[in-house]
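Right, one structure below, let's go through it.
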Amino acid sequence: TQLLKLGKEPALLFDYLHKEFFDEAKRPKVAKTIDVVYQKRSLPYAETVLKPLGLRTKLLKGLSREEMIDTIHRSKCYLDLGNNPGRDRIPREAVVCGAVALVGKFGTADRFADVPILPELRLNRWDVRGIRETVMEVVNNHTAYAERQSYFQEEIRSQEAEFEKQINNVITALAGAKI
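Per my numbering, the very first residue in the sequence shown carries number 3; after that it's consecutive.
As structure tokens, then:
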């Protein structure tokens, strides 16, 4: 709003992932000891879907950045059945760390720009059977799905440079404005 008051167009800014996620993604592959991770906003749907499958699951809650990275890096699948409010960070972190992201089609999760994943991994939250089938498919074929999302890892990695361009645009706009 301040830029608009000054007669300047607002600049777009979005976050990019913390450098530690990119560093972690470059480390040697580790054993995938967790089948599915999910976050609190996916409750109660994720537990309803996952419980009968007998998978090794973990709720991403109360973790430090280092613990989050380690947990996601050891996971085959990240399941997000919550409402995505915008360009969401955790699905992108999951993809960069080698977990295959599955998201419900709520909020902006259906937009590639916000959650860059394979179209068939965007799920209808009310289709419990379909979600279970997709989760099991990904868990049982993790390597194949992870290879298919390597393009998305590169897309996400490029966002740091894009963020720097956006910051420069804001600084340029502010430098030209009389405050």
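Ideal Cβ placement from N, Cα and C applies to all residues, glycine included.
From a predicted model like this one, the values you see are computed outputs, not experimental measurements.
Item                                                                                                                                                                  : Value
Whole angstroms are fine: how far does the CA of LEU123 sit from the CA of THR136?                                                                                    : 7 Å
When DSSP labels each residue in this structure, what does LYS34 get in the three-state scheme?                                                                       : coil
In whole angstroms, give me the CA-to-CA distance for CYS79 and ALA177.                                                                                               : 45 Å
Excluding sequence positions up to five away, which residues of its chain have a Cβ less than 7 Å from the Cβ of HIS75?                                               : GLU26, VAL32, CYS99, GLY100
Look at the alpha carbon of TYR47 and the alpha carbon of ARG127, and state the distance between them as a whole number of angstroms.                                 : 8 Å
Looking at VAL51: is its Cβ nearer than 8 Å to the Cβ of ILE133?                                                                                                      : yes
Assign THR73 to one of two classes, buried (16 or more other C-beta atoms within 10 Å of its C-beta) or exposed (fewer than that).                                    : buried
So is LEU104 buried or exposed if we call it buried at 16+ other beta carbons inside 10 Å?                                                                            : buried
Just to confirm my understanding: we take LEU64, look at its own chain, exclude 5 residues before and 5 after, and list those with CB closer than 8 Å. What are they? : Looking at the sequence shown, residue 64 is not Leu but Gly. Contacts found: none.
Which residue from ASP129, ALA96, LYS34 puts its Cα closest to that of ARG159?                                                                                        : ALA96
Could you give the C-beta distance for SER77 and LYS42, rounded to a whole number, given that I count them as a contact under 8 Å?                                    : So it is not a contact: roughly 16 Å between Cβ atoms.
Strictly by DSSP, which residues pair up with SER77?                                                                                                                  : ILE36
Could you pull out every residue in the same chain whose Cβ sits closer than 8 Å to the Cβ of LYS107, ignoring the five residues on either side in sequence?          : ARG124, LEU125, ASN126, ARG127
Kindly give me the distance between the Cβ atoms of VAL53 and VAL39, rounded to whole angstroms, as I take these residues to be in contact under 8 Å.                 : The amino acid occupying residue 53 in the given sequence is Lys; Val does not appear at that position. About 15 Å; that fails the 8 Å criterion.
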